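To start, the structure itself, in structure tokens.
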Amino acid sequence: THSALGGYAGAKKLFFGEQGEYSVVDPERGPSATHVVTESKRRLQLKYLAVYVFMVAGDWLQGPYVYMLYESYGWERGTIAIFFVMGFGSSMILGTCIGSMADKYGRKRFAYLYVTLYIISCLTKHNRTIPLLSIGRLTGGAATSLLMSVFESWVVCEYHKIEPQENKSTGFGSLQQTFSLASLLNFVVAVVSGVVAEGIVDRFPYNEDPLISNSDWFYGKYTAPFDLAIICLGFGGWLISVLWNENYGENCDNSGSTFRNALKQVFGNCMVFCLGLEQACFEGAMYSFIFMWTPAIRQQSEDAPLGKIFSTFMLCSMLGSQLFSLLVQNNVSEDTILLATLFTAMLSLSLGPIDDYFGTQYMYYGFLLFEVCVGLYFPSMGTLKSKNVPDENRSTIYNIFRVPLNAIVLVVLLNDFSIHFTWVLCVMLLAVATCSQAVLVRLQNSSPISRRHSSL
């Protein structure tokens with residue numbers, strides 16, 4: 355914990371320096387007011403990122419060994435597939451229902467709920483029976499939806515309290531920089547978590563062999579990363595208690611009203627609808643890529659160094675997040691960045707089918723380019739959602755966005771698609787996302803009145 359805090363202090367100095375940066379002077383309140391606003395944004399950024407690092411660490415530590423844990427308990431591939439389907443199904447249904455309540459009952463309170471649900475999910479990994487493992491998948495799926503909606507909703511709402519939503523600032527402490535740093539830290543945490551998880555799995559064997567033991571409870575080996583995840587989640591929960599204040603969205607009498615109002619805003623505003631469509635298509639293609647890149651690489655080379663390839667992917671994603679910051683600093687709009695990102699991602703994954711047809715060996719380079727696009731996508735999408743999605747129903751709308759995304763993932767999981775067909779499906783999804791963003795760019799370049807009242 356001390357080393358983590360020390361690393362965070364060093365990151366603070368690296369990213370922000372010792373002195374505050376100054377944005378445009380408020381003509382009514384003068385330079386001193388501008389300085390106060392900028393310092394408030396920086397403090398908010400640090401509060402958010404300090405919590406975010408431990409929340410995503412709790413998530414990344416589990417990823418590499420979920421399948422291997424189930425396999426070590428003796429479950430066959432078909433049963434394991436059902437567990438994964440349960441997780442994504444829970445994220446789509448249960449996560450959406452729970453996440454939609456965050457706007458009414460408080461985003462900080464539901465950040466605690468994320469911690470609680472994920473800790474329960476981790477604890478169930480110590481038992482090999484189907485009922486408890488199923489509970490773990492259900493709670494873990496719901497927690498994933500909260501991670502992808504509540505935390506971002508909290509920071510956007512807090513930011514808009516400090517600075518009006520119409521403000522275009524892009525300097526230190528801005529939402530653009532916050533999302534860029536969050537994306538960068540996410541990929542750094544992914545690499546570190548993978549290394550740490552591998553180390554503790556090798557260091558701590560099972561207390562007894564699950565395949566020959568009569569007991570249903572085990573510790574050590576593949577359960578160890580989940581125990582470390584519990585520590586990260588618990589510490590992150592403590593940081594929430596001391597750093598965050600509560601914020602809310604719409605004050606409706608019941609969650610059903612909140613959900614109905616959010617649906618009206620999604621289907622009644624073309625910009626919000628386009629962003630939701632793009633998120634579903636891009637992230638659906640991204641998860642399909644996650645499922646398929648390993649067999650695709652092994653199809654070309656059985657001895658491929660998968661660990662090094664994964665690390666290279668993460669480095670490319672980090673490069674993408676930094677490239678976003680550079681482009682924003684050079685006054686390239688987020689709309690243009692996202693349009694170029696989606697189009698480039700479509701071209702990069704099209705190298706998979708091209709390799710199949712022509713026998714070329716360019717697929718790996720397309721994968722690297724796609725990972726750069728992933729690093730560009732998350733801060734771009736986060737910034738655009740912060741500008742276009744209403745604060746009062748933000749968490750609910752973010753969870754609605756994830757319903758078609760999870761549906762796409764379930765379709766891929768439940769069907770034994772070939773690698774070639776999966777790449778074609780990904781290219782089609784990214785083509786839809788690119789066309790949607792082209793529509794959004796056209797709307798954003800229209801008159802302010804059109805932007806404000808655009809509807810389907």
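The numbering used here numbers the first residue of the sequence shown as 355 and each following residue consecutively.
Every residue gets a Cβ at the ideal spot worked out from N, C-alpha and C, and that includes glycine.
Keep in mind it's a predicted model, so treat the numbers as computed, not measured.
For P418, there is no enclosing alpha helix (DSSP H), since its DSSP letter is neither H nor E. Following the DSSP letters along the chain, one finds I754 inside the alpha helix (DSSP H) bounded by residues 748 to 768.
The DSSP-derived three-state label of W571 is strand.
With a cut-off of 8 angstroms on Cβ pairs, the stretch 442 to 456 is not in contact with the stretch 476 to 487, counting fewer than three such pairs. Inter-segment contact for the stretch 590 to 605 and the stretch 436 to 452 is absent: fewer than three beta-carbon pairs are separated by less than 8 angstroms. Straight through space, the alpha carbons of V469 and C628 are spaced by roughly 31 angstroms. Contact between M668 and F533 is absent: CB atoms are separated by about 18 angstroms, not below the 8 angstroms threshold. Taking S569 as the centre and dropping the five residues before and after it, the same chain places the C-beta of E562 closer than 8 angstroms to its C-beta, in chain order.
Taking 8 angstroms as the upper bound for CB-CB distance, G574 and P559 are in contact here, some 5 angstroms apart. Less than 8 angstroms divides the Cβ of C670 from the Cβ of L722. Residue nearest to C624 within the set G449, P418, L794 is L794 (criterion: CA-CA distance). In the displayed model, N481 falls within a strand according to three-state DSSP. A contact between stretches requires three or more CB pairs, one per stretch, nearer than 8 angstroms, and the stretch 750 to 757 fails this requirement with the stretch 674 to 685. In the DSSP assignment, L539 falls within the alpha helix (DSSP H) that extends over 529 to 557. Inter-residue distance for A544 and L415 is about 8 angstroms (C-alpha atoms, whole angstroms).
The alpha-carbon of T750 is positioned some 15 angstroms away from that of R463.
Given a length threshold of 4 residues, each whole run of the alpha helix (DSSP H) inside the stretch 606 to 664 is given here in chain order: 609 to 622, 624 to 654.
Put simply, the backbone Cα of A497 is about 8 angstroms away from that of L467.
The Cβ-Cβ distance between T577 and L423 falls below 8 angstroms.
The beta carbons of L705 and Y716 sit about 5 angstroms from each other, so the pair counts as a contact at 8 angstroms. In this chain, the alpha helix (DSSP H) harbouring N742 covers 717 to 742. Exclusion of the five residues before and after A551 leaves L415, P418, Y419, P579 as the residues of its chain whose Cβ lies within less than 7 angstroms of its Cβ.
Counting the other Cβ atoms within 10 Å of the Cβ of N599 gives fewer than 16, which makes it exposed. By the 16-neighbour rule on beta-carbons within 10 angstroms, I484 is exposed.
Boundaries of the alpha helix (DSSP H) harbouring V504: 504 to 516, taken from the DSSP string. Nearest to V726 by C-alpha distance, out of I708, L587, L701, K618, is L701. Remark: three or more beta-carbon pairs, one from each stretch, lie closer than 8 angstroms, so the stretch 779 to 786 and the stretch 633 to 648 are flagged as touching. Sixteen is the threshold: when 16 or more other Cβ atoms of the shown chains lie within 10 Å of the Cβ of E506, as they do, the residue is buried.
In this structure, L696 lies away from E746, with their beta-carbon atoms at least 8 angstroms apart. For G441, same chain residues with a beta-carbon under 8 angstroms away, outside a window of 5 residues either side, are R491, L492, G494, G495, T498 in chain order.
In this structure, A634 keeps its C-beta atom at 8 angstroms or more from the C-beta atom of P733.
Here the alpha carbons of V549 and A694 stand approximately 33 angstroms from one another. Taking the Cα positions, S679 is about 8 angstroms away from Q530. The DSSP-derived three-state label of S800 is coil. In the three-state scheme derived from DSSP, where H, G and I count as helix and E and B as strand, E562 is classed as coil.
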